[in-house]
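0 is the number of the first residue of the sequence shown in numbering that gives the first Met the number 0; add one for each residue after it. The beta carbon of each residue, even a glycine, is placed where N, CA and C say it ideally should be. First the structure, in the form of structure tokens, and then the observations on it.
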Amino acid sequence: MQLLQNTRRKLGEYFLKKELANSHRNSIFQNFEKSATIGILFNATNQEDFELVKKYVNYLKGLNKKVKALGYFSKREMPELTYSKFEFDFFTKKDLNWHLKPDKDFIDNFINEEFDILLVLDLKDDFPLRYISALSKAKFKMGNLTADTEIYDMMIEVEEGKGIKYFLKHLDHYLMQLNKNF
Numbered sequence: 000m001q002l003l004q005n006t007r008r009k010l011g012e013y014f015l016k017k018e019l020a021n022s023h024r025n026s027i028f029q030n031f032e033k034s035a036t037i038g039i040l041f042n043a044t045n046q047e048d049f050e051l052v053k054k055y056v057n058y059l060k061g062l063n064k065k066v067k068a069l070g071y072f073s074k075r076e077m078p079e080l081t082y083s084k085f086e087f088d089f090f091t092k093k094d095l096n097w098h099l100k101p102d103k104d105f106i107d108n109f110i111n112e113e114f115d116i117l118l119v120l121d122l123k124d125d126f127p128l129r130y131i132s133a134l135s136k137a138k139f140k141m142g143n144l145t146a147d148t149e150i151y152d153m154m155i156e157v158e159e160g161k162g163i164k165y166f167l168k169h170l171d172h173y174l175m176q177l178n179k180n181f
């Protein structure tokens with residue numbers, strides 16, 4: 000079973016590299032205060048992480064930001080959740096093609112949305128989230144420090160064992176620091 004998963008991921012990596020070769024994006028940062036639209040990508044499998052992301056979305060909305068969050072459940076079925084359908088969309092393993100590419104219209108819409116800032120809250124390097132973040136047309140992308148340094152415009156190193164709460168705290172700190180400097 001692990002061999003099959005590795006093969007699917009390798010194929011996914013191959014097709015992602017082909018798509019990246021044909022896409023072009025200019026990184027543009029405007030300070031956080033002037034940023035109107037924010038996209039958030041996250042793994043929604045853990046209920047506690049999902050609740051933290053919901054709170055963060057509300058916090059950003061309180062700062063007059065238009066926020067769209069896309070969550071991934073690394074299971075075949077999505078559990079019953081309470082959330083705003085206006086700000087959140089979700090996909091599951093059922094929504095991936097054979098080489099792990101997310102395959103839904105609303106995901107393509109998210110990729111093509113030119114967010115001022117895309118925040119990728121993926122600490123596990125889930126391939127479907129990496130695929131979306133790599134192809135996203137967002138003007139500025141922030142995420143966890145990974146081996147794929149070409150995906151993000153700014154990365155934050157999260158110590159092993161630290162979770163989304165730690166990551167969000169540091170992400171917010173750096174967004175505010177950038178706000179002062181730009």
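Measure the beta-carbon distance from residue i to residue j and round it to whole angstroms, keeping in mind my assumption that it falls under 8 Å.
i, j, result
"residue 150", "residue 133", "5 Å"
So, for residue i: in the same chain, excluding its five sequence neighbours on each side, which residues have a beta-carbon less than 7 Å away from its beta-carbon?
i, result
"residue 59", "37, 66"
"residue 90", "71, 101, 103, 106"
"residue 113", "136, 137, 138"
"residue 97", "7"
"residue 61", "none"
"residue 22", "134"
Are the CB atoms of residue j and residue i within a distance shorter than 8 Å?
i, j, result
"residue 26", "residue 123", "no"
"residue 167", "residue 95", "no"
"residue 11", "residue 128", "no"
"residue 131", "residue 163", "no"
"residue 144", "residue 156", "yes"
"residue 41", "residue 121", "yes"
"residue 34", "residue 64", "yes"
"residue 192", "residue 140", "Nothing about residue 192 can be read from this structure; the chain reaches only from 0 to 181."
Only counting the same chain, and skipping five residues up and downstream in sequence, which positions put a Cβ closer than 8 Å to that of residue i?
i, result
"residue 44", "71, 72, 73, 74"
"residue 175", "31"
"residue 76", "91, 93"
"residue 154", "141, 142, 143, 144, 145, 148"
"residue 158", "165"
Suppose the cutoff is 6 Å on Cβ atoms and the five residues either side in sequence are ignored; what does the same chain contact list for residue i look like?
i, result
"residue 39", "68, 118"
"residue 126", "8, 11, 99"
"residue 57", "none"
On a Cα-Cα basis, can you pick out the residue from the options that is closest to residue i?
i, options, result
"residue 49", "86, 21, 20", "86"
"residue 46", "5, 79, 158", "79"
"residue 177", "28, 159, 22, 24", "28"
Report task. Please list the segments of the alpha helix (DSSP H) lying wholly inside the region 120-176, counting only runs of 4 or more residues, in order along the chain. Result -> Along the region 120-176, the alpha helix (DSSP H) occurs as fully enclosed runs of 4 or more residues at 126-134, listed in sequence order.
Query - Those runs of the beta strand (DSSP E) which lie wholly inside the region 84-116 and span at least 3 residues - result: Counting only runs of 3 or more, we get 87-91.
Query raised in the report: Considering only residues of the region 20-62, which uninterrupted beta strand (DSSP E) runs meet the minimum length of 3 residues and lie entirely inside it, listed in chain order?
Result: Counting only runs of 3 or more, we get 36-42.
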